[in-house]
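Numbering (the working numbering) for the sequence shown: 17 to 377.
All residues carry an ideal CB built from backbone N, CA and C; glycine is no exception.
These figures come from a predicted structure and were not determined experimentally.
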Amino acid sequence: MRATRLLHLLLLLQTSGPINAPALSRELRVSPRTVYRDIDALSAAGIPVYVADGPRGGYALLDGWQTRLTGLTGHEADVLTLIGLPGQAAELGLGAALAATELKLLAALPEEAADRAGRIRQRFHLDAVAWFREPEPASHLRVIAAAVWQCTPVTIRYRRWAPAPPREVERTLQPLGLVCKAGTWYLVARPDGGDDGVAGEDEGDAGGGPRTYRVGRIQRATLAPGTFDWPEDFDLAAYWARATARYQQGLRRSDMTLRISPEGRERLTDLMGPGFPVRVISPPDGQGWVRITVPTESLDDAVERALQIGAAAEVLAPPAVRRRVIDTLSLMTARYREGVEGSGPVPDAGALSPAGSPDAG
């Protein structure tokens, strides 16, 4: 147990730079006193550990010293073979580097661990793109990635999602990170030289804070002169968690109440995913039907979801959604009957548009 902890400590010092005893104790889940003893043990073994002074000081290894010992267990080697996303690495221009790194890693592993890693590659494959979707083209991704890596500002021509003008804007940004979600790349960046953003052009914090830009909407990207200082208090993963939560919350503008069967609930889960927030508001009846509420973005969104579930659910509220579902089903029924029975003309679909709906206004 102590040998594993000492190896973990050594690798932390090798990869983290100066790190103080409280931080090491949190990472290793031991007391600071145990950390002090372990540091003494590393020093006694001839490993050049020293104490760096200053507010960001702590324990560190002598510059240029590193261990060639990986200390990987069989299961850790298995996990590494599953981490790589070759498609995304190729988009960033790192496909060859990823392949070379994997070969070097396999060569450095003990024979048994290398064999296990080879079997993992043969039998497991990660596909990060959703069904019936192709990865979104991101023709300027490599320029953006270079700017992220080099802390270089980048000037972009960006197509906004909001319908209000201007549809396209030009921005000079300080790129902080790239995120790939379900095959779509997003740039996290802050305005270069102040908050010049337009409300609704992207998701982000106000007051010059980081914003999120969809890389596929970038029409042009060029590196700008100079560099910028990386914000040391910025955490990309934490920002992304906040941004996605804010985005999802923004979509939940109203609730729809459904009476739904067990089959309908399974269908809803298949359509929206297991994490989709559903609130059950009544006990099951004799056939297992319950009343639930689900968040919706708009009237059209609610109608589409109700129609996707089909006869396995009934819309109870709001009345506007229920009436629109009735209108849509009536139009569909008339069209199908005309095709089968030749029953005559069918009302034009425009009669059911939002402007012509009895719910308009």
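DSSP bridge partner residues for residue i (one or two, in chain order)
i: M272; result: V310
i: W201; result: C196
i: E330; result: R275
i: Q190; result: R206
i: E184; result: R175
Proximity winner among the options, relative to residue i (alpha-carbon distances)
i: V195; options: A257, P241, T171; result: A257
i: K197; options: V337, I35, A253, V296; result: A253
i: L157; options: R139, D143, E186, G109; result: G109
i: T243; options: W165, Y229, R269, R175; result: W165
i: R72; options: R236, P293, S32; result: S32
i: S277; options: Q264, R269, S298; result: S298
i: Y75; options: A61, R49, V46, L40; result: L40
i: Q324; options: V296, R340, G280; result: G280
i: A61; options: Q265, R353, A19; result: A19
i: L192; options: Y229, P181, R173; result: Y229
i: A161; options: V337, Q190, A327; result: Q190
Neighbourhood of residue i by C-beta distance below 7 angstroms, restricted to the same chain and skipping five residues each side
i: E330; result: L274, R275
i: W246; result: C167
First and last residue of the uninterrupted alpha helix (DSSP H) at residue i
i: G280; result: 278-288
i: T20; result: 18-32
i: L40; result: 37-44
i: A57; result: 48-60
Residue i vs residue j beta-carbon contact at 9 angstroms
i: V319; j: T344; result: yes
i: M272; j: P334; result: yes
i: L25; j: V67; result: no
i: M177; j: R262; result: First, the residue type needs correcting, since residue 177 is Trp and not Met in the sequence shown. Their beta carbons are not under 9 angstroms apart, which means W177 does not touch R262 by this criterion.
i: L27; j: I35; result: no
i: V306; j: Y255; result: no
i: V159; j: T238; result: yes
i: V341; j: A322; result: yes
Endpoints, beta strand (DSSP E) assigned at residue i
i: Q235; result: 234-239
i: R230; result: 227-230
i: I172; result: 170-175
i: E152; result: Careful: E152 lies outside any beta strand (DSSP E) and carries neither H nor E.
i: L77; result: 74-77
i: V164; result: Per DSSP, V164 belongs to no beta strand (DSSP E); it is in the alpha helix (DSSP H), 157-166.
Residues near residue i by beta carbon distance below 6 angstroms, same chain, minus five either side
i: T188; result: P169, T171, D208, A240
i: V294; result: I308, V310
Other residues of its chain near residue i: CB distance less than 8 angstroms, five sequence neighbours each side excluded
i: L22; result: D54, A57, L58
i: Q303; result: S277
i: F292; result: L284, T285, V310
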